[in-house]
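Asks:
Residue numbers (our numbering), protein chains in the order written: chain A, 144 to 427; chain B, 1192 to 1590.
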């Protein structure tokens, strides 16, 4: 039971970062491998606000999101705006950005990783289903559920969501209707970046902040997107929960294979559903 | 016109001959340079290299190591056996041993280094091992000292062989703490496995039982599953993780309401220790060195380091590089100022030093023999420190 809860809580952290990445790939066709680095930037900014300055945690989340959004705008305007449809170049450039941002955070915050954040009210434990469980994990799950519901509503029940969905299925048609799809997509890139930054602060409660997150977290987020299928919020949620659960459960059931059990699960799912769980295919 | 084909045939042959000659000359020159590198050139400044990570992953180690080495050199007046010392910096690449090898070659071939402080990480040491052997470089290395590199003389492993690091802990747990069973946790790579070997072997020999060993794969971001999967029937958890992972694990461990004692192999390094100290107050650990050790050499080192570094408290990297450098200088001194590899090999095992770790020397396998101390995490003033509980001197290396 504890392993399942652990998997779900890790799944929700990954959902927060993977959902933004999934939408960016799905709506814009941009492979932004620096998405994990935006998570890292958010985590470090959150550390400064919540731990160094001692300000409220909600403010740390806002600041982390804003900082990552600002970096996202920069990355989009400097690089991705000029690399539309050039997937190889996008991958190479964004991978370079990961290294740049990792060096920048080490320059600004020092080379030592930051310990998990201690936040009044979120430290300690609660009784959950008869188990003593970390309050921070319960908070993360709650945020993930609220955030997932909000994203689903935005995507399925609003005009903007309809444009995004239509843009994924048939961008040419959306443009012929006079909709500035590039603006919508750019806005989505910024929102996705902000969500990654906010996820970094929230994830900092249990994982702290490390320069290696740019790659470590990105790897898991990519698996979430591949499993869930690009552009699908429910798909990202299911993918994230699969990743989280396979990570947590394999430690208990197959400890010697926990390092690669996730990839076995991924391989099996992709054999059965090559386009991921949601079945959506990217349209260029 | 008739002779053209013949000319055409001869010209490539001549070119080939010229090329072959050039290659032979180049090889001869390289060979001469190589043998010259390792041979003693006992006049002029002595170049000492420091090959620690200054960029990329673990780039905090480089400046820390440099500060320790500089202090040792300053204490020696930048001289050894009457020769001026010139320190040359190179950057170890923790993630790419091939880059470390390139940097080692630069230090040796271009800078003329024959004595090296570092590299630090086991993978880097493996990468440069063959090269150091052919060029007769002597490297004084902290951490990551494996059996495979022992005994050659190219690597002087201070403070100890990694599999012997925690040797005194097993008997201490069985005899003093009366533990019957332990669980362990460490990263799933060579050092993680090796650093627990001493403790688990001696604990088992003393009648204890290791009921669970969890190995954390590289790149694991969430350590809660390892806390929740812990066998709670064990009397204690013995663990080593890099500081930030240790902090993350302990937080998860405590928030699951687990009361089991944790014993930290190698303690937890600063600055992470300072940020997580309240979670582990009264926990025990085993260390080779900590700022809280009370031997006279450590007090002098801490005072001198603080004086040279704006009041800073030294950390493990500072101490390791400091002692590695002191050892290197004492070895050269013992060899009468010679940097001949064979003479250095003879000299290094004759050196005896009072170090911040405790009294120490180098054994016949070129590994450090020094003290290990059982420590307890306590809050002292505004800082957390590892307070000495019991010291074991002259802990041997078990190959």
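A virtual CB, placed ideally from N, CA and C, is assigned to each residue, including glycine.
The structure displayed is predicted, hence computed values, not measured ones.
Return no unless some Cβ of chain A is closer than 9 Å to the Cβ of residue 1487 of chain B.
Replies: no
Asks: When you compare the CB of residue 1411 of chain B with every CB in chain A, is at least one pair closer than 9 Å?
Replies: yes
Asks: Just verifying my parser: in three-state terms, what is the DSSP assignment at residue 280 of chain A?
Replies: helix
Asks: Going along chain B, which residues have a C-beta under 7 Å from residue 401 of chain A?
Replies: 1408
Asks: Mind reading off the beta-carbon distance from residue 185 of chain A to residue 213 of chain A? Whole number of angstroms is fine, and I expect it under 8 Å.
Replies: Residue 185 of chain A to residue 213 of chain A, Cβ: 11 Å. No contact.
Asks: Less than 8 Å between the CB atoms is what I'm expecting for residue 1336 of chain B and residue 1348 of chain B, so what's the real figure, rounded?
Replies: The C-beta distance from residue 1336 of chain B to residue 1348 of chain B rounds to 3 Å, short enough to fall under 8 Å.
Asks: Measuring only the C-alpha atoms, how far is residue 1308 of chain B from residue 266 of chain A?
Replies: 43 Å
Asks: Whose Cβ in chain B lies nearer than 8 Å to the Cβ of residue 343 of chain A?
Replies: Here the premise fails: no neighbours, minimum Cβ distance about 12 Å.
Asks: Is the segment 380–390 of chain A in contact with the segment 151–165 of chain A, if contact means three or more CB pairs nearer than 8 Å?
Replies: yes
Asks: Residue range of the beta strand (DSSP E) that residue 1307 of chain B falls in?
Replies: Going by DSSP, residue 1307 of chain B is part of the beta strand (DSSP E) stretching over 1306–1308.
Asks: Hey, quick one: how far does the beta strand (DSSP E) through residue 169 of chain A stretch, first residue to last?
Replies: In the DSSP assignment, residue 169 of chain A falls outside any beta strand (DSSP E) and within the unbroken alpha helix (DSSP H) covering 145–171.
Asks: List, in order along the chain, the chain B residues whose C-beta lies closer than 8 Å to that of residue 255 of chain A?
Replies: The contacting residues are 1251, 1434, 1435, 1462 and 1463.
Asks: Tell me which residue opens and which closes the alpha helix (DSSP H) that residue 1529 of chain B is part of.
Replies: Where residue 1529 of chain B is concerned, there is no enclosing alpha helix (DSSP H), given that its DSSP letter is neither H nor E.
Asks: Under 7 Å, CB to CB, which of the residues in the segment 1390–1408 of chain B have a partner in chain A?
Replies: 1405 and 1408
Asks: What is the DSSP secondary structure of residue 1378 of chain B, reduced to helix, strand or coil?
Replies: strand
Asks: Taking a Cβ distance cut-off of 9 Å, strictly less, list which residues of the segment 150–168 of chain A are near chain B, in chain order.
Replies: Listed in sequence order: 150, 152, 153 and 156.
Asks: Thinking C-beta only, is residue 1281 of chain B closer than 9 Å to residue 1238 of chain B?
Replies: no
Asks: Is the Cβ of residue 1287 of chain B closer than 9 Å to any Cβ of chain A?
Replies: Any Cβ of chain A closer than 9 Å to the Cβ of residue 1287 of chain B would place that residue at the interface, and such an atom is absent.
Asks: List, in order along the chain, the chain B residues whose C-beta lies closer than 8 Å to that of residue 268 of chain A?
Replies: In chain order: 1446, 1447 and 1448.
Asks: Looking at the structure shown, is residue 1244 of chain B part of a helix, part of a strand, or coil, going by DSSP?
Replies: The answer is coil: DSSP assigns residue 1244 of chain B none of H, G, I, E or B.
Asks: Which residue wins for smallest C-alpha separation from residue 1295 of chain B, given the options B/1377, B/1317, B/1276 and B/1559?
Replies: B/1317
Asks: According to DSSP, is residue 438 of chain A helix, strand or coil?
Replies: No statement about residue 438 of chain A is possible, as the shown extent of chain A runs from 144 to 427 and does not include it.
Asks: Could you tell me whether the Cβ of residue 238 of chain A comes closer than 9 Å to any Cβ of chain B?
Replies: no
Asks: Check the Cβ of residue 1438 of chain B against every Cβ in chain A and list those closer than 8 Å, keeping chain order.
Replies: Under the 8 Å cutoff, chain A gives 258, 259 and 351.
Asks: Please tell me whether residue 1588 of chain B has its Cβ less than 9 Å away from any Cβ of chain A.
Replies: no
Asks: Would the beta-carbon of residue 349 of chain A fall within 9 Å of that of residue 1272 of chain B?
Replies: no
Asks: Can residue 1547 of chain B and residue 1497 of chain B be called in contact, C-beta distance under 9 Å?
Replies: no
Asks: Helix, strand or coil: which one does DSSP assign to residue 419 of chain A?
Replies: coil
Asks: Could you name the residues of chain A that residue 1310 of chain B contacts, counting a contact when the two beta carbons are closer than 9 Å?
Replies: Residues of chain A passing the Cβ test: none, with the nearest at roughly 17 Å.
Asks: Tell me the DSSP bridge mates of residue 268 of chain A?
Replies: Note: residue 268 of chain A sits in a beta bridge opposite A/277.
Asks: Can you check DSSP and say which residues form a bridge with residue 225 of chain A?
Replies: The partner list for residue 225 of chain A (beta bridge, DSSP) is empty, contrary to what the question assumes.
Asks: State the CB to CB distance for the pair residue 1407 of chain B and residue 1422 of chain B, rounded to an integer number of angstroms; the pair is presumed to be in contact (CB under 8 Å).
Replies: For a cut-off of 8 Å, the C-beta gap from residue 1407 of chain B to residue 1422 of chain B is around 16 Å, too long to register as a contact.
Asks: Going by beta-carbon coordinates alone, are residue 1562 of chain B and residue 1549 of chain B separated by less than 9 Å?
Replies: Pairing residue 1562 of chain B with residue 1549 of chain B gives a Cβ-Cβ distance under 9 Å.
Asks: Who are the near neighbours of residue 1397 of chain B in its chain, counting only those whose CB is closer than 7 Å to its CB and skipping five residues on each side?
Replies: 1361, 1362, 1365 and 1366
Asks: Quick one: give me the first and last residue of the alpha helix (DSSP H) that residue 232 of chain A is part of.
Replies: 230–252
Asks: Going by C-alpha to C-alpha distance, which of B/1466, B/1256, B/1242 and B/1240 sits closest to residue 1513 of chain B?
Replies: B/1256
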